Amino acid sequence: MLADATRVQALWALTEREMSVNELAEHVGKPAPSVSQHLAKLRMARLVRTRREGTTIFYSLENDHVRQLVMDAVFNAEHAGPGVPGHHRGDAGLKAVSESAQPPARRRSGTK
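Under my numbering, the residues of the sequence shown are numbered 18 to 129, in order.
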């Protein structure tokens with residue numbers, strides 16, 4: 018379920034609040050029918066649930082366990098790439114850690 022970028026983006030958006038299909042479609046930049054198909058798969062996997070208000074269906078994460086799963090998956094993926102993960106950019110002491118991770122400066126030849 019998390020191998021598709023649209024589904025991950027939709028799940029990530031739902032960690033903040035419930036949204037309608039149209040809100041999610043705008044958020045992920047995809048057509049509403051496409052997002053609706055992804056949401057149907059997420060619902061079948063019990064990752065999201067629905068709430069109807071008139072003709073509008075709102076989606077939210079199934080529970081706090083799913084919320085934690087999504088957050089852990091995204092944070093783990095951020096660690097796989099180069100640089101400082103977004104969720105660490107405000108950490109105290111981060112500058113010292115990132116500087117210590119830099120390769121040592123090369124000496125110019127002929128100098129000691």
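Glycine included, C-beta positions come from ideal geometry on N, C-alpha and C. All figures in this text were calculated on a predicted structure; none of them were measured in a lab.
> What residue from V91, S53, E95, T73 has the CA that sits closest to T32's CA?
Replying inline: V91
> From which residue to which residue does the alpha helix (DSSP H) around E43 run?
Replying inline: 38-45
>> Tell me the residue span of the alpha helix (DSSP H) that contains L78.
In response: That residue, L78, is in no alpha helix (DSSP H); its beta strand (DSSP E) goes 73-78.
>> Measuring straight from C-alpha to C-alpha, what distance separates E43 and A30?
In response: 11 Å
> What three-state label does DSSP hand T23 in the structure shown?
Replying inline: Taken through DSSP and simplified to helix, strand or coil, T23 comes out as helix.
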